[in-house]
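Structure first, then comments.
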Ligand code: DAH
């Protein structure tokens with residue numbers, strides 16, 4: 020039978036060979052149980068100490084313990100090494116480039132036109148007006164005839180109309196809501212009507228086939244030109260600031276008498292003249308006037324008893340003025356680089 024030192028040497032040799040073949044923590048754990056477990060070879064060597072001579076026992080015991088410590092230390096080192104290797108492998112699999120730019124989150128916003136319409140609604144509702152919506156597709160009666168445009172009236176040529184059929188058209192202005200409101204409600208009437216309008220026009224930096232207006236209508240007993248002037252002046256200074264320079268000048272629309280147009284000093288060129296204001300220094304932002312008696316009559320309102328004023332605001336014009344936008348086409352192009360300038 021081999022001596023104890025020989026057995027220890029052989030055991031160490033076998034262990035080292037098996038350890039070299041271990042490639043993962045699990046195998047290492049199995050090996051550990053095999054060598055250091057209760058039924059392992061070290062334990063059997065300990066048992067055999069019983070057969071030793073009493074004087075040899077301390078020395079032999081020490082040899083076995085030294086081997087045990089050696090194995091334990093090998094296990095510890097291997098366990099640490101394997102753990103690092105396994106982690107490395109895991110990290111390789113889950114590799115993440117922390118220098119990559121983050122995924123951008125886009126924040127939506129209201130369209131600049133919608134923002135201005137909301138502001139206008141706020142100002143007028145504070146003054147006691149309510150919001151009324153009218154149809155985008157309407158009849159000749161509401162868009163023209165009810166507004167005192169006779170069939171052959173030259174004013175119809177001013178607005179190139181999109182006809183959908185002989186009777187239905189895309190409204191050319193929000194003034195159609197005036198006639199609907201008058202027919203449906205009894206005065207006093209104090210409404211604004213925001214909405215889309217359509218005209219068969221050449222598209223340029225200043226005009227488009229598709230645009231927005233807000234119609235204003237106030238009908239009651241004893242409404243005078245002073246009410247029109249005060250209301251619209253107050254509105255403009257709330258919208259554009261006290262400093263905005265405005266001018267009211269006489270104009271003609273078939274549905275008002277007298278009629279007027281309101282201009283604002285061109286913000287783009289500060290009045291010195293540019294492409295936007297056609298070198299006049301002024302931008303027309305709305306038409307207004309006292310509601311024509313014929314229009315009141317078409318709306319079943321007695322002009323002897325009631326009077327009123329109306330106005331139609333061009334929202335694209337106003338927005339261009341307020342935000343210094345130089346081309347009306349930008350509003351419908353949906354270019355995110357343009358839109359994100361108005362958070
Ligand atoms: N409807 C006119 C247009 O589109 C604007 C307008 C002018 C509306 C005078 C009004 C008004 O209510 O009184 O050009």
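Numbering (my numbering), first residue to last: 20 to 362. Quick reminder that beta carbons are idealized off the backbone N, C-alpha and C, glycines included. Just so you know, these numbers come straight off a predicted model, no measurement behind them.
In three-state DSSP terms, what is residue 266?
Counted from its first residue, the chain shown places residue 266 at position 247. The answer is strand: DSSP assigns residue 266 an E or B state.
Please confirm whether any heavy atom of the ligand DAH lies closer than 6 Å to the CB of residue 226.
Locating residue 226 in the chain shown gives position 207, where the first residue counts as 1. It does not: the Cβ of residue 226 is nowhere closer than 6 Å to a heavy atom of the ligand DAH.
Beta strand (DSSP E) segment containing residue 231, residue limits:
Counted from its first residue, the chain shown places residue 231 at position 212. For residue 231, the enclosing beta strand (DSSP E) begins and ends at 229-239.
How long is the line joining the alpha carbons of residue 246 and residue 215, rounded to whole angstroms?
Residue 246 sits at position 227 when you count from the first residue of the chain shown. Residue 215 sits at position 196 when you count from the first residue of the chain shown. Straight through space, the alpha carbons of residue 215 and residue 246 are spaced by roughly 27 Å.
Nonlocal neighbours in the same chain, by C-beta distance under 6 Å from residue 238, ignoring five residues either side
Here residue 238 refers to the residue found at position 219 when the chain shown is read from its first residue. Cβ contact annotation for residue 238 (same chain, cutoff 6 Å, sequence separation greater than five): 206, 208, 325, 327, in chain order.
Backbone CA spacing between residue 277 and residue 337 [nearest angstrom]:
Taking the first residue of the chain shown as position 1, residue 277 is located at position 258. Taking the first residue of the chain shown as position 1, residue 337 is located at position 318. The straight-line gap from Cα to Cα measures roughly 23 Å.
Three-way DSSP call (helix, strand, coil) for residue 128 in this model:
For this step, residue 128 is matched to residue 109 along the chain shown. In the three-state scheme derived from DSSP, where H, G and I count as helix and E and B as strand, residue 128 is classed as coil.
Nearest residue (CA-CA) to residue 254, options 283, 230, 241, 227:
The sequence position of residue 254 within the chain shown is 235, counting from 1. A check of alpha carbon separations from residue 254 across 283, 230, 241, 227 identifies 283 as the nearest.
Check whether the segment 99-118 touches the segment 38-58, counting contact only when three or more Cβ pairs, one atom from each stretch, lie closer than 8 Å.
Yes: the two stretches touch, three or more of their Cβ pairs being nearer than 8 Å.
Would residue 218 and residue 179 qualify as a contact pair, given that the criterion is a beta-carbon distance under 7 Å?
Position 199 of the chain shown holds residue 218. Position 160 of the chain shown holds residue 179. In this structure, residue 179 lies closer than 7 Å to residue 218 by Cβ.
Buried or exposed (CB count within 10 angstroms, at least 16 for buried), residue 114
Looking up residue 114 in the chain shown gives position 95. Here residue 114 is exposed: its Cβ has fewer than 16 other Cβ atoms, across all protein chains shown, within 10 Å.
Compare the C-alpha of residue 266 against each of 227, 84, 248, 313 and name the closest.
Within the chain shown, the letter at position 247 stands for residue 266. Ranking the options by Cα distance to residue 266, first place goes to 248.
Under the criterion of a Cβ to heavy atom distance below 6 Å, does residue 10 qualify as lining the ligand DAH?
In this structure the chain extends from 20 to 362, so residue 10 is not present and cannot be described.
Taking C-alpha atoms, which residue in 240, 153, 304 lies nearest to residue 195?
Taking the chain shown and counting its residues from 1, the one referred to as residue 195 is at position 176. Distances from the alpha-carbon of residue 195 to those of 240, 153, 304 put 153 closest.
Counting C-beta neighbours from all protein chains within 10 Å, is the total for residue 250 16 or more, i.e. buried, or is it exposed?
Residue 250 sits at position 231 when you count from the first residue of the chain shown. By the 10 Å Cβ count, residue 250 comes out buried.
Excluding the 5 residues flanking residue 71 on each side, which residues of the same chain have their C-beta closer than 8 Å to its C-beta?
Locating residue 71 in the chain shown gives position 52, counting from the first residue. Closer than 8 Å at Cβ, skipping near neighbours: 23, 79.
For residue 155, which three-state DSSP category applies?
Reading the chain shown from its first residue, position 136 is the one you call residue 155. Reduced to three states, the DSSP call for residue 155 is coil.
Helix, strand or coil for residue 273? Go by DSSP, reduced to three states.
To locate residue 273, count along the chain shown from 1; it is residue 254. In the structure shown, residue 273 sits in coil (DSSP, three-state: anything other than H, G, I, E or B).
Straight-line CA distance for residue 241 to residue 144?
As a working mapping, residue 241 is identified with position 222 in the chain shown. As a working mapping, residue 144 is identified with position 125 in the chain shown. Straight-line spacing of the CA atoms in residue 241 and residue 144 works out to 21 Å.
Run through DSSP, which three-state label would residue 245 get?
Locating residue 245 in the chain shown gives position 226, counting from the first residue. Three-state DSSP puts residue 245 in a helix.
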